[in-house]
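Written out below as structure tokens is the structure these notes cover.
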Amino acid sequence: GNSVTQMEGPVTLSEEAFLTINCTYTATGYPSLFWYVQYPGEGLQLLLKATKADDKGSNKGFEATYRKETTSFHLEKGSVQVSDSAVYFCALLPTGNQFYFGTGTSLTVIP
Amino acid sequence: EAQVTQNPRYLITVTGKKLTVTCSQNMNHEYMSWYRQDPGLGLRQIYYSMNVEVTDKGDVPEGYKVSRKEKRNFPLILESPSPNQTSLYFCASSSDGTSGSYEQYFGPGTRLTVT
Numbered sequence: 022g023n024s025v026t027q028m029e030g031p032v033t034l035s036e037e038a039f040l041t042i043n044c045t046y047t048a049t050g051y052p053s054l055f056w057y058v059q060y061p062g063e064g065l066q067l068l069l070k071a072t073k074a075d076d077k078g079s080n081k082g083f084e085a086t087y088r089k090e091t092t093s094f095h096l097e098k099g100s101v102q103v104s105d106s107a108v109y110f111c112a113l114l115p116t117g118n119q120f121y122f123g124t125g126t127s128l129t130v131i132p
Numbered sequence: 302e303a304q305v306t307q308n309p310r311y312l313i314t315v316t317g318k319k320l321t322v323t324c325s326q327n328m329n330h331e332y333m334s335w336y337r338q339d340p341g342l343g344l345r346q347i348y349y350s351m352n353v354e355v356t357d358k359g360d361v362p363e364g365y366k367v368s369r370k371e372k373r374n375f376p377l378i379l380e381s382p383s384p385n386q387t388s389l390y391f392c393a394s395s396s397d398g399t400s401g402s403y404e405q406y407f408g409p410g411t412r413l414t415v416t
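Taken in sequence, the protein lines are chains A and B.
Using my numbering, read the first sequence as starting at 22 and increasing by one per residue.
Using my numbering, read the second sequence as starting at 302 and increasing by one per residue.
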């Protein structure tokens with residue numbers, strides 16, 4: 022079946038540290054992959070996406086590359102800021118119209 | 302302003318008392334969806350709709366109903382709520398797949414407590 026496995030949290034980093042949040046997926050066909058971010062008390066917002074293998078999604082300094090050979094879509098940022106503190110969700114849209122989300126990874130960045 | 306609105310934002314109710322959570326979007330999106338968010342489980346899709354009068358079950362549809370009579374509205378109905386439906390609920394909408402977008406716009410959430 023279709024599923025998303027996301028790195029367990031919570032993650033605590035110092036400002037300007039390097040961030041990686043791992044995401045792997047199981048799906049048939051050629052799914053689209055997404056990272057969403059949820060700030061405290063808010064709904065989710067799309068952070069970046071990739072719709073085919075080897076695509077790199079990027080936004081606000083965050084990047085993720087769609088790796089079909091390793092079925093992964095890891096989120097990275099070279100230098101995190103306090104304002105990046107949030108919960109990050111990896112999501113999968115396989116062939117069809119049903120979305121699958123990971124369990125979320127909470128990130129706290131300390132000054 | 303492009304947005305998805307949900308009402309109510311907070312609701313405390315008792316077991317068995319029917320309730321409806323409304324969802325409305327002003328972006329002319331065809332795709333709408335309901336999710337529940339629970340600690341340790343992330344977001345799970347309850348129902349989705351590709352267009353007016355077209356709805357499909359997601360991962361956890363039991364105990365919920367939806368309807369899509371108008372493009373902009375997608376209410377979630379709990380006909381006989383139970384305590385295990387205590388959760389944070391999100392409505393979302395997006396353009397359809399032909400645009401290749403599938404960026405979902407989420408509402409602010411409805412926190413439901415069933416006692």
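Idealized CB from N, CA, C, for every residue including glycine.
*Nearest-angstrom Cβ-Cβ length linking Leu114 of chain A and Tyr403 of chain B, presumed shorter than 8 Å*: Taking the first residue of the first sequence as 1, we reach residue 114 of chain A at position 93. Taking the first residue of the second sequence as 1, we reach residue 403 of chain B at position 102. Right, their Cβ atoms sit about 6 Å apart.
*So, are the CB atoms of Leu54 of chain A and Ala71 of chain A less than 7 Å apart?*
Position 33 of the first sequence, counted from the first residue, corresponds to residue 54 of chain A. Position 50 of the first sequence, counted from the first residue, corresponds to residue 71 of chain A. The answer is yes: Cβ separation under 7 Å.
*Tell me, please, whether the CB atom of Pro409 of chain B is closer than 7 Å to any CB atom in chain A?*
In the second sequence, residue 409 of chain B corresponds to position 108, counting from 1. Chain A contact via Cβ: present.
*asked:* Excluding the 5 residues flanking Gly82 of chain A on each side, which residues of the same chain have their C-beta closer than 8 Å to its C-beta?
replied: The residue you call residue 82 of chain A lines up with position 61 of the first sequence. For Gly82 of chain A, the CB contacts under 8 Å within the same chain, skipping 5 residues up- and downstream, are Lys98, Gly99 and Ser100 in chain order.
*Cut-off 6 Å between Cβ atoms - residues of its own chain near Tyr60 of chain A, not counting five sequence neighbours on either side*: Taking the first residue of the first sequence as position 1, residue 60 of chain A is located at position 39. Answer for Tyr60 of chain A: Ala107, listed in chain order.
*Closer than 7 Å by C-beta to Glu380 of chain B: which residues in its own chain qualify, once you throw out the five before and the five after it? Chain order, please.*
Along the second sequence, one-based indexing puts residue 380 of chain B at 79. Only Lys319 and Lys366 meet the Cβ criterion.
*Does any CB atom of chain A fall closer than 7 Å to the CB of Tyr403 of chain B?*
Numbered from its first residue, the second sequence carries residue 403 of chain B at position 102. Interface residue, yes.
_Can you tell me where the beta strand (DSSP E) holding Ala393 of chain B begins and where it ends?_
Position 92 of the second sequence, counted from the first residue, corresponds to residue 393 of chain B. Element bounds for Ala393 of chain B: Ser388 to Ser395.
*Specify the secondary structure class of Asp105 of chain A as computed by DSSP and reduced to three states.*
In the first sequence, residue 105 of chain A corresponds to position 84, counting from 1. Helix at Asp105 of chain A.
*Following the continuous beta strand (DSSP E) through Asp76 of chain A, name the residue where it begins and the one where it ends.*
As a position in the first sequence, residue 76 of chain A is number 55, starting the count at 1. It is not in any beta strand (DSSP E) - Asp76 of chain A carries neither H nor E in the DSSP assignment.
*asked:* Measuring only the C-alpha atoms, how far is Gln326 of chain B from Tyr109 of chain A?
replied: As a first step, residue 326 of chain B must be located in the second sequence, where it is residue number 25. As a first step, residue 109 of chain A must be located in the first sequence, where it is residue number 88. Near 24 Å, if we compare the C-alpha coordinates of Tyr109 of chain A and Gln326 of chain B.
*Integer Cβ distance of Thr116 of chain A from Gly50 of chain A, believed to fall under 8 Å*: The residue labelled residue 116 of chain A in the question sits at position 95 within the first sequence. The residue labelled residue 50 of chain A in the question sits at position 29 within the first sequence. Between Gly50 of chain A and Thr116 of chain A the Cβ distance is about 4 Å, and since that is below 8 Å, they are a contact.
*Same chain, Cβ closer than 6 Å to Asn43 of chain A, neighbours up to 5 away in sequence not counted*: Translated into positions along the first sequence, residue 43 of chain A becomes position 22. Cβ neighbours of Asn43 of chain A beyond the five flanking positions: Met28 and His95.
*asked:* Below 8 Å on the Cβ atoms is my contact criterion, and I expect Thr323 of chain B with Gln346 of chain B to pass it. Report the Cβ-Cβ distance as a whole number of Å.
replied: Sequence index remark: in the second sequence, residue 323 of chain B carries index 22 (1-based). Sequence index remark: in the second sequence, residue 346 of chain B carries index 45 (1-based). About 19 Å; that fails the 8 Å criterion.
*Under 7 Å Cβ-Cβ, which residues of chain A neighbour Tyr349 of chain B?*
Counting from 1 along the second sequence, the entry for residue 349 of chain B is found at position 48. Correct list: Asn118 and Gln119.
*Near Thr92 of chain A, what residues of its chain come up, given a Cβ to Cβ distance below 6 Å and the 5 sequence neighbours on each side ignored?*
Sequence index remark: in the first sequence, residue 92 of chain A carries index 71 (1-based). Result list for Thr92 of chain A: Thr45 and Tyr46, in chain order.
*asked:* Could you check whether the Cβ of Leu344 of chain B sits closer than 7 Å to any Cβ belonging to chain A?
replied: By 1-based counting over the second sequence, the position of residue 344 of chain B is 43. So, interface residue.
_Outcome for Pro382 of chain B when other beta-carbon atoms lying within 10 angstroms are tallied against a minimum of 16_ = Start at 1 with the first residue of the second sequence, and residue 382 of chain B comes out as number 81. Per the 10 Å Cβ criterion, buried.
*Note down, in chain order, every chain A residue with its Cβ under 9 Å from the Cβ of Phe391 of chain B.*
What you label residue 391 of chain B is simply residue 90 of the second sequence in a count that begins at 1. The answer, in chain order, is Gly64 and Leu65.
*Paired residues, beta bridge with Tyr57 of chain A - DSSP*: The residue labelled residue 57 of chain A in the question sits at position 36 within the first sequence. Paired residues: A:Leu67 and A:Phe110.
*For Pro52 of chain A, which option in A:Val130, A:Thr126, A:Ile131 and A:Asn118 has the closest C-alpha, if you only look at C-alpha atoms?*
To locate residue 52 of chain A, count along the first sequence from 1; it is residue 31. Of the candidates A:Val130, A:Thr126, A:Ile131 and A:Asn118, the one whose C-alpha sits nearest the C-alpha of Pro52 of chain A is A:Asn118.
*Gln405 of chain B to Asn80 of chain A, Cα distance in whole Å?*
Sequence index remark: in the second sequence, residue 405 of chain B carries index 104 (1-based). Sequence index remark: in the first sequence, residue 80 of chain A carries index 59 (1-based). Looking at the two C-alpha atoms, the distance is approximately 16 Å.
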